[in-house]
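Asks: First residue of the sequence shown? That's 2 in this note's numbering, and the numbers climb one at a time after it.
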Amino acid sequence: MADQGPRLVLLGRQGAGKGTQSVRLSDHYGVERVSTGELFRAAVAAGTPTGRTVAEYLDSGELVPDEIVLRVVDEQFRPGGPLERGFILDGFPRTVRQAEELDVVLDGQPLDLVLNLDVPMEEVLHRLAGRRVCETCGAPYHVNLPPKQNWTCDLCGGKVTQRPDDTEEAVSRRLELYEELTVPIIGYYRALGRVVVIDAVGPGDEVFARLQAAVDAALAAR
Ligand code: AMP
């Protein structure tokens, strides 16, 4: 197992920077990243049966029922699939039931670390209110840090818009659900001794350096 990449879960409130930092971790350690939110948004955009089922949950900020989430995640963990050599999970698990099911899927191979990105509520509210994302590649922007040209993505040329679930109402529901259903996961993993809290306020490079130090320490202790 020592030659395998890290097996990580990223937790943190909406707007804590999980998307951005999980992409960086995935590039840095050369392992696959799975974002259930992105899988669902892609399914909605493609109009698949799953997409049609989950669209309303996404728009209102409600959680997609565990059964659907677990089916979608299960497909990602197929034996011989890319996750065998390590992974970063962003947005999953979101409930204690999902965390328990993940343990079953991992079949005795423990996670290396659960990284809890810590950002105060006032800061995430500010980030989410001004957040804009590329509809094509998901690259994140902010009204105070827009793309160079007329809301066109610097990376892929896609249209940069506000996520339908970044409205005030949906944001407040998502944050409420995070406290109610996702925060208990931290206790679940803490009991297994795998949680590290990362201060996620400040420049992205500094937050990434903190994450990298925590992951490297966990890998060295394997
Ligand atoms: P995210 O991009 O992680 O903020 O996810 C966007 C939306 O997708 C959430 O508000 C939920 O509606 C849905 N979603 C993503 N991941 C999960 C999950 N693990 N369990 C339930 N719903 C999820």
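Glycine residues also receive a C-beta, built at the ideal position from the N, C-alpha and C atoms.
1) What would DSSP say about Gly194, mapped onto helix, strand or coil?
2) Report yes if the C-beta of Gln173 is less than 7 Å from at least one heavy atom of ligand 1; otherwise report no.
3) Please report the distance separating the alpha-carbon of Glu177 from that of Thr37.
4) Would you say the beta carbon of Glu63 is closer than 7 Å to some non-hydrogen atom of ligand 1?
5) Please classify Phe88: does DSSP put it in a helix, a strand, or coil?
6) Can the beta-carbon of Cys154 be found less than 8 Å from the beta-carbon of Val144?
7) For Ala44, which residues of its own chain have a beta-carbon under 7 Å away from its beta-carbon, when the five flanking residues on both sides are left out?
8) Between which two residues does the beta strand (DSSP E) harbouring Gly13 extend?
9) I want to know whether the segment 11-24 touches the segment 110-118 - three or more CB-CB distances under 8 Å.
10) Quick check: the segment 184-204 against the segment 67-87, are at least 3 beta-carbon pairs closer than 8 Å?
11) DSSP three-state label for Arg128, please.
12) How long is the line joining the alpha carbons of Val1 and Asn151, rounded to whole angstroms?
13) Is Val24 near ligand 3, judged by its Cβ being under 7 Å from some heavy atom?
14) Determine, using beta carbons only, whether Val184 and Ala17 come nearer to each other than 8 Å.
15) Return the Cβ separation of Val275 and Asp75 in integer angstroms, given the expectation that the two are a contact with Cβ distance under 8 Å.
16) Output needed for Val172: all residues of its chain with C-beta closer than 6 Å, excluding positions within five of it in sequence on either side, in chain order.
17) Is Leu59 near ligand 1 - that is, is its Cβ less than 7 Å away from at least one heavy atom of it?
18) In this structure, how does DSSP classify Lys19 when only helix, strand and coil are distinguished?
19) Unbroken alpha helix (DSSP H) runs of length 4 or more, entirely within the segment 55-108: which are they?
20) By the DSSP assignment, the alpha helix (DSSP H) with Leu118 in it spans what residues?
21) So, at 7 Å on beta carbons, what are the nonlocal neighbours of Gly6 in its own chain, with the 5 sequence-adjacent residues on each side left out?
22) Below 8 Å between beta carbons: does that hold for Arg34 and Leu59?
23) Are the beta-carbon atoms belonging to Asp167 and Arg132 less than 8 Å from one another?
Replies: Here's the rundown:
1) coil
2) It is worth fixing the name first, because residue 173 is Ser in this sequence and not Gln. No, ligand 1 has no heavy atom inside 7 Å of this Cβ.
3) 19 Å
4) yes
5) strand
6) no
7) Thr51, Gly52, Val55
8) 8-13
9) These segments touch.
10) no
11) helix
12) The structure shown has nothing for residue 1, since the chain only spans 2 to 223.
13) Ligands present in the displayed structure are limited to ligand 1, and ligand 3 is not among them.
14) no
15) One cannot answer for residue 275 here, as it falls past the ends of the chain, which runs 2 to 223.
16) The residues are Leu129.
17) yes
18) helix
19) 67-77, 97-107
20) Per DSSP, Leu118 belongs to no alpha helix (DSSP H); it is in the beta strand (DSSP E), 114-119.
21) Tyr30, Gly31, Val32, Arg86, Gly87
22) no
23) Taking the C-beta atoms as reference points, Arg132 is found nearer than 8 Å to Asp167.
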